[in-house]
Amino acid sequence: MRAGSLREPVDFLDLKEKQSASGFVKKDYEVVYSCKACKKRNTVKLDDEMNASEAFKETTIVLQVRFHPVIKEGMRIRFNGSEYDIKLIDPQTDHTYLITCKKINL
Numbered sequence: 002m003r004a005g006s007l008r009e010p011v012d013f014l015d016l017k018e019k020q021s022a023s024g025f026v027k028k029d030y031e032v033v034y035s036c037k038a039c040k041k042r043n044t045v046k047l048d049d050e051m052n053a054s055e056a057f058k059e060t061t062i063v064l065q066v067r068f069h070p071v072i073k074e075g076m077r078i079r080f081n082g083s084e085y086d087i088k089l090i091d092p093q094t095d096h097t098y099l100i101t102c103k104k105i106n107l
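So the sequence shown is numbered by our numbering: it starts at 2 and just counts up by one.
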């Protein structure tokens, strides 16, 4: 990871239960951790050296963040005004994660 590459703010959300005064239990996603991330580019090479990154741009993203024990699969990410499900966490040797996320259609 290059120095200064983590610039984009990102929030990690986890499913929490809240109980009202009447006893009703509601499950909702709450921010449990905020940090800075670096968005990695998705590039797919097709025939004739054609780049198909535009097809994947809005639905799937890959972010690089520093290691933190709170981050786990099954959480959600809020990034650039959209929410994403974490699909894969890939630990790296430099104490960072490469996180693959898929956009949620709310």
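Glycine included, every Cβ here is placed at the ideal spot set by N, Cα and C.
All of these numbers come straight from a predicted model, not from anything done at the bench.
When we look at the beta-carbon of Q93 and count the other beta-carbons within 10 Å, is it buried (16 or more) or exposed?
exposed
Are the CB atoms of A38 and V66 within a distance shorter than 8 Å?
yes
Mind checking who K162 pairs with in its DSSP beta bridge?
Examination of residue 162 is not possible in this model, given that the chain is present from 2 through 107 alone.
On the DSSP bridge list, what partners appear for F80?
V11, S83
Which first and last residues belong to the beta strand (DSSP E) in which V63 is found?
61–67
For F68 versus T101, is the C-beta distance shorter than 8 Å?
no
Secondary structure at D95, three-state DSSP: helix, strand or coil?
Coil at D95, not helix or strand.
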